[in-house]
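Notes for the one structure printed next.
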Amino acid sequence: MEDLILTVLLTSVPLIYAATGELIAERSGVLNLGVEGMMLMGAVTAFGVSLSTGSLFLGALAGAIAGALTAGVFAIFVLGLATNQVATGLALTIFGTGLSGLAGAPFVGKAIDGMPQIAIPILSDLPFVGRILFQHDMLAYLSVVIVALVAYFLKRTRAGLVLRAVGDNHHSAHALGYSVLGVRFGAVLFGGFMAGLGGAYLPLMLTPHWAEGMTSGRGWIALALVVFASWMPWRVMVGALIFGGITIMQLAGQARGWAIPSQFLSMLPYIATIMVLVLISRNKEFALANSPACLGRIFHLGK
Amino acid sequence: MIALIPRKDIPLSLTLLTPVVAIALTLVMGAIIFGALGYEPLGALYQFFVAPVSHAYQIGDLFVKACPLIIIASGLVFCYRANIWNIGAEGQLVFGAIFSGWVALTFPDLSVGVMMPAMILAGILGGLLWAMIPALLKTRFNTNEILVSLMLTYVASLFIDWLIRGPWRDPMAFGFPLTKNYADAALIGQVSFPGIGTLGQLHWGVVGGVILALVAWFVLARTMIGFQVKVMGDAPRAGRFAGFNPSLVTVMVLAISGATAGLAGMVEVSANIGQLQPNISFGYGFTAIIVAFLARLNPLAVIAAGLVVALAELGGDSAQIVLGMPKVVTGVFKGILLFMLLAGETFNRFHVEVNGVEIKWPGNLWGAKPRKAGA
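First to last, the sequence lines map onto chains G and E.
For what it's worth, my numbering labels the leading residue of the first sequence as 1, then goes sequentially.
For what it's worth, my numbering labels the leading residue of the second sequence as 1001, then goes sequentially.
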């Protein structure tokens, strides 16, 4: 049972990162459907850097930066060139899936050292994590801290207020002298950084190897989580844990030889996502209470 | 200050130039990325875009590759024009293949005259029904169709995987995950040109696909249905005042795009595979999104756009065999192409002003002078 809970926690970590990042981007009014692409770029970069440096920490950092750079491409198009956000996000996912596969081709079949060997020395360098949490828990622990910081940032800081203002009414925010595009650029980059970190978690912690398209839809589930969470950071965490649980249920089911074909168990996370989206969206007041009013709308200077 | 100013009218030359420039820029950026990854850039581009069409029979294969893309994109155009984002055509394709496969496998003794129409209808129905899930959830519960249609793609591929490894597996297939072979009546034949013979694998489905694109163009450009779709996309408020029903348009465009994707699934299996297997599509449902955008959401242009993107797909195969590149490299090209097309869209709709001076290419790009003081 303890193992099971631990696995659920592990599985939910990449979702927490990716969804929290996307939440910030969406709160600023930008819908980035490229989460899957950013996660894959983060994953492949993290794996490659860990493989060559032997450092899990450097790998995770590189993965996060790769995610942010990928998001930068998105931002240039969506903010600089005022392109359609949905289509640009799709382009980012297609591009990221392709480029990560191309860049990761030499890594296929290679494994980084088992987690304990590489993770323990770095963890011992971190004073506050110490011996209480095990190797994979460094990033997991950090994810909780980040959710807390994001929640605090949005609710209690002036910068968070500006971010929400930009997302709710970009014309008013612009008139007040805030740089709409600047704020959104920062939010999108943060979203990419988080998605990259979430992606990095997959090859570094969950499965110590790289495979093409290894996120298998987690980026999209992260997008659904933001809706599920109705744009509230702590609810992202609840949602991610639920989804982690559903994903693990499928593995547990297979292990215990349930009389359900494995394909149907594998469908669970996707079907659950749809059901959750329906349950949330049918209650309009709840669903839209915190929804950024300018989500997906294009802002450009000049009338 | 750099500002984007909406254009009052869009010159035709710009409309036609946009996809061409986008393709050219994609090639340049592709070459740069190849170079950065240690491939010889020009050689790689050659393998991608020239080698696949260097023989006459390969032209036929190019059309075969373009066929599912043209069919799917002809339907997706309706969705995207109406601002409905169906990105689950891949799943709808799978269900088209499953439904038509059920007909072919359950009634193997039907004559061609019955079998083909039945399979076509079944394929259309399969795709359409699968697309109705996001359509009804969207109209009933306001659920985001992007996420639902995408999630359903994963469900569909798992479902066909189960069917073929489980109940539909051919016991004589030596344990391979394959169904029985379709009867001859269930196969789409190759086009035979008088005096020349067949052209690569060119089959009648390609002809059907091109006709479908023409029909789609007619419906979108010349009928009330098409008009409603365009109005609901461009000016939903105006559409509501005109008495158009947004829910109906949503259901309609998803039905159209689901039907075409399902048809593509039927054609793909009947013409190229001849039996069901776990992987019947190579992401055609996703690639068709790019085709739709390359065609600038015009069904007539979908034919040409389908061929261009199909070339990149074949190029991916060729680069994989000759250069040992992973197949996903086509995704890099497709992603960049979509980026470039979207950027081109911006320069179509807006012109750029720097400090109040309109930038015209190539006229005053260097050394622009203000039209009037303080403009």
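In this text, a Cβ means the ideal position worked out from N, Cα and C, and glycines have one as well.
The model shown is predicted, which means the values in this text are computed figures rather than measured ones.
Our contact map puts E/V1094 next to E/S1281 with C-beta atoms below 8 Å; I'd like the distance itself, whole angstroms only. Residue numbering aside, residue 1094 of chain E sits at position 94 when the second sequence is read from its first letter. Residue numbering aside, residue 1281 of chain E sits at position 281 when the second sequence is read from its first letter. Going by Cβ atoms, the distance from E/V1094 to E/S1281 rounds to 7 Å, so yes, they are a contact pair.
Going by Cα to Cα distance, which pick from G/T273, G/F193, G/G245, G/A293 is closest to G/I65? Locating residue 65 of chain G in the first sequence gives position 65, where the first residue counts as 1. Taking only the C-alpha atoms, the option nearest G/I65 is G/F193.
Reference E/G1127, options E/L1263, E/E1313, E/H1055, closest by Cα: For the purposes of this step, residue 1127 of chain E is identified with residue 127 of the second sequence, where counting begins at 1. Comparing Cα-Cα distances from E/G1127 to each of E/L1263, E/E1313, E/H1055, the minimum goes to E/L1263.
Could you check if E/T1106 is buried or exposed, using at least 16 other CB atoms within 10 Å of its CB as the buried criterion? Working through the second sequence from its first residue, we reach residue 1106 of chain E at position 106. The residue is exposed, with fewer than 16 neighbouring Cβ atoms inside 10 Å.
Which residues, taken in chain order from the segment 167 to 188 of chain G, show a beta carbon closer than 7 Å to some beta carbon of chain E? none
What is the DSSP secondary structure of E/E1345, counted as helix, strand or coil? The sequence position of residue 1345 of chain E within the second sequence is 345, counting from 1. E/E1345 falls in the helix class under three-state DSSP.
How about E/A1319 and E/Q1047: are their beta carbons less than 8 Å apart? Locating residue 1319 of chain E in the second sequence gives position 319, counting from the first residue. Locating residue 1047 of chain E in the second sequence gives position 47, counting from the first residue. Yes; because the gap between Cβ atoms is below 8 Å, this pair is in contact.
Among the candidates G/G29, G/I5, G/I16, whose CA atom is the shortest distance from the CA of G/N290? For this step, residue 290 of chain G is matched to residue 290 along the first sequence. Among G/G29, G/I5, G/I16, the Cα nearest to that of G/N290 is on G/G29.
Does the CB of G/Y141 have a neighbour CB from chain E at under 8 Å? As a working note, residue 141 of chain G is residue 141 in the first sequence. It does not: the Cβ of G/Y141 has no partner Cβ on chain E nearer than 8 Å.
I need the straight-line Cα distance from E/T1018 to E/G1344, nearest angstrom please. Against the second sequence, residue 1018 of chain E aligns to sequence position 18. Against the second sequence, residue 1344 of chain E aligns to sequence position 344. Going from the Cα of E/T1018 to the Cα of E/G1344 covers about 5 Å.
Residues of the segment 268 to 286 of chain G with Cβ closer than 7 Å to any Cβ of chain E, in chain order: Y270, I271, T273, I274, L277, V278, S281, R282, K284
Only counting the same chain, and skipping five residues up and downstream in sequence, which positions put a Cβ closer than 6 Å to that of E/N1410? Because chain E in this structure spans residues 1001 to 1375, residue 1410 of chain E falls outside the shown range and cannot be described.
Beta-carbon proximity of E/V1291 to E/A1104, cut-off 8 Å: Within the second sequence, the letter at position 291 stands for residue 1291 of chain E. Within the second sequence, the letter at position 104 stands for residue 1104 of chain E. In this structure, E/A1104 does not lie closer than 8 Å to E/V1291 by Cβ.
Which of the three DSSP states is assigned to G/S179 in this structure? On the first sequence, residue 179 of chain G is found 179 positions in, with the first residue counted as 1. Note: G/S179 maps to coil in three-state DSSP.
Determine the extent of the beta strand (DSSP E) in which E/T1198 is found, giving its start and end residues. One-based indexing of the second sequence puts residue 1198 of chain E at position 198. Taken as a continuous stretch (DSSP letters only), the beta strand (DSSP E) holding E/T1198 covers 1197 to 1203.
Contact set between the segment 1317 to 1328 of chain E and chain G, restricted to residues whose Cβ is under 9 Å from the partner: G1324, M1325, P1326, K1327, V1328
Do you know whose CA, among E/V1357, E/K1180, E/F1339, lies nearest G/S87's CA? As a working note, residue 87 of chain G is residue 87 in the first sequence. According to the sequence shown, residue 87 of chain G is Ala rather than Ser. The option with the nearest alpha carbon to G/A87 is E/F1339.
DSSP three-state call for G/S12: helix, strand or coil? As a position in the first sequence, residue 12 of chain G is number 12, starting the count at 1. It is helical.
At the level of alpha carbons, what is the spacing between E/L1178 and E/A1044? As a working note, residue 1178 of chain E is residue 178 in the second sequence. As a working note, residue 1044 of chain E is residue 44 in the second sequence. Each residue's alpha carbon lies about 35 Å from the other.
Could you tell me the distance, in whole angstroms, from the CA atom of E/P1108 to the CA atom of E/L1276? Residue numbering aside, residue 1108 of chain E sits at position 108 when the second sequence is read from its first letter. Residue numbering aside, residue 1276 of chain E sits at position 276 when the second sequence is read from its first letter. Distance between the alpha carbons of E/P1108 and E/L1276 is about 14 Å.
Which chain E residues are close to G/G21, counting only those with a beta carbon under 7 Å from its beta carbon? Taking the first residue of the first sequence as 1, we reach residue 21 of chain G at position 21. Here the premise fails: no neighbours, minimum Cβ distance about 17 Å.
To the nearest angstrom, how far is it from the Cα of G/L206 to the Cα of E/L1307? On the first sequence, position 206 is the one that residue 206 of chain G refers to. On the second sequence, position 307 is the one that residue 1307 of chain E refers to. Roughly 41 Å between the two C-alpha positions.
Identified DSSP bridge partners for E/P1006: Indexing the second sequence from 1 puts residue 1006 of chain E at position 6. Paired residues: E/F1350.
Starting from E/I1289, find everything on chain G with Cβ-Cβ shorter than 7 Å and list it in chain order. Here residue 1289 of chain E corresponds to residue number 289 of the second sequence, with the count starting at 1. Simply L90.
Taking Cβ-Cβ distances shorter than 9 Å, what residues in chain E pair up with G/F77? The sequence position of residue 77 of chain G within the first sequence is 77, counting from 1. Correct list: F1339, L1342, A1343, T1346.
Residue-level contact to chain G via CB, E/M1151, 8 Å cutoff: Counting from one through the second sequence, the residue named residue 1151 of chain E turns up at place 151. Interface residue, yes.
Out of G/E36, G/A75, G/A46, G/A62, point me to the one whose CA is closest to G/G182's CA. Residue mapping note: residue 182 of chain G aligns to position 182 of the first sequence, counting from 1. Looking at the Cα atoms, G/A75 is the closest of the given residues.
I want to see whether chain A comes within less than 8 Å of E/F1282, judged by CB atoms only; does it? Although the question refers to chain A, the structure presented lacks it and instead comprises the protein chains G and E.
Which of the three DSSP states, helix, strand or coil, is assigned to G/I132? Locating residue 132 of chain G in the first sequence gives position 132, where the first residue counts as 1. Bear in mind that the predicted position of G/I132 carries a pLDDT of just 38, short of 50, making it unreliable; the figure below should be weighed with that in mind. G/I132 falls in the coil class under three-state DSSP.
Out of G/L69, G/M249, G/R158, which has the shortest C-alpha to C-alpha gap to G/L6? Taking the first sequence and counting its residues from 1, the one referred to as residue 6 of chain G is at position 6. Among G/L69, G/M249, G/R158, the Cα nearest to that of G/L6 is on G/M249.
Determine, for E/K1180, whether the minimum Cβ-Cβ distance to residues of chain G falls below 8 Å. Position 180 of the second sequence, counting from 1, holds the residue named residue 1180 of chain E. Chain G contact via Cβ: absent.
Go through its chain and collect everything with a Cβ distance to E/E1358's Cβ below 6 Å, but skip five positions before and after it. Translated into the one-based positions of the second sequence, residue 1358 of chain E becomes position 358. So the qualifying residues of the chain are H1351.
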